[in-house]
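In this note's numbering, the protein residues as written are 27 to 142. Only one structure is covered here, and it is reproduced in the block below.
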Amino acid sequence: LTVVSRHAVPMLPISLANSIAARSGAPVLRYIADAQVLGLEGLWRKLCAGQLPARCTKQWYFESFCGVAAAEFQQMRLDELGADAHIRVHLNGFVKPYDVVATLAAFPDTRARFPE
27 LTVVSRHAVP MLPISLANSI AARSGAPVLR YIADAQVLGL EGLWRKLCAG QLPARCTKQW
87 YFESFCGVAA AEFQQMRLDE LGADAHIRVH LNGFVKPYDV VATLAAFPDT RARFPE
């Protein structure tokens, strides 16, 4: 059994996955980049539907995944956006690619490169 701590997963720019996928032309990287965006769109819809904990607000979402500071969030009136908003155009923040790190940890050759 291999366990990946949340502390082992770095914060990476959302745009990085898209950039790597575009340059490499590798279908699996394109899949990972698309899955990342689809996951964040799904998270937005759940947030708007009230299906997330109270600490997960629209401002939190925009600060975390869109790189928008609190003042800018208020100024742009982003709290008025609903579940039907085209949120993809706003995604410009950071993510922790847990799935990628967990997948890499599943391969013995990769796992051997990291200390216990």
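Here a beta-carbon is modelled for each residue, glycine too, at the ideal position from N, C-alpha and C.
May I ask you to list the residues that DSSP assigns as paired with residue i?
| i | result |
| --- | --- |
| Val121 | Leu38 |
Are there 16 or more other CB atoms within 10 angstroms of the CB of residue i, so buried, or fewer, so exposed?
| i | result |
| --- | --- |
| Gln77 | exposed |
| Gln101 | exposed |
| Leu66 | buried |
| Val29 | exposed |
| His112 | exposed |
| Ala95 | exposed |
| Phe140 | exposed |
| Ala47 | buried |
| Phe133 | exposed |
Determine the contact status of residue i and residue j, defining contact as a CB-CB distance below 8 angstroms.
| i | j | result |
| --- | --- | --- |
| Met37 | Phe120 | yes |
| Tyr124 | Val63 | no |
| Ala43 | Ala59 | yes |
| Ala131 | Arg137 | yes |
For the alpha helix (DSSP H) containing residue i, list its first residue and its last residue.
| i | result |
| --- | --- |
| Arg137 | 134–137 |
| Glu67 | 53–74 |
| Gln100 | 96–101 |
| Gln85 | 84–91 |
Quick test of your reading: residue i and residue j, contact by CB under 8 angstroms. State the CB separation rounded to the nearest angstrom.
| i | j | result |
| --- | --- | --- |
| Ala109 | Ala61 | Not a contact, Cβ separation roughly 20 angstroms. |
| Leu69 | Lys84 | Not quite, the Cβ-Cβ distance comes to about 11 angstroms (not below 8 angstroms), so this is no contact. |
| Cys82 | His116 | That belief does not hold up - the Cβ atoms of Cys82 and His116 are roughly 16 angstroms apart, past 8 angstroms. |
| Asn118 | Ser41 | 7 angstroms |
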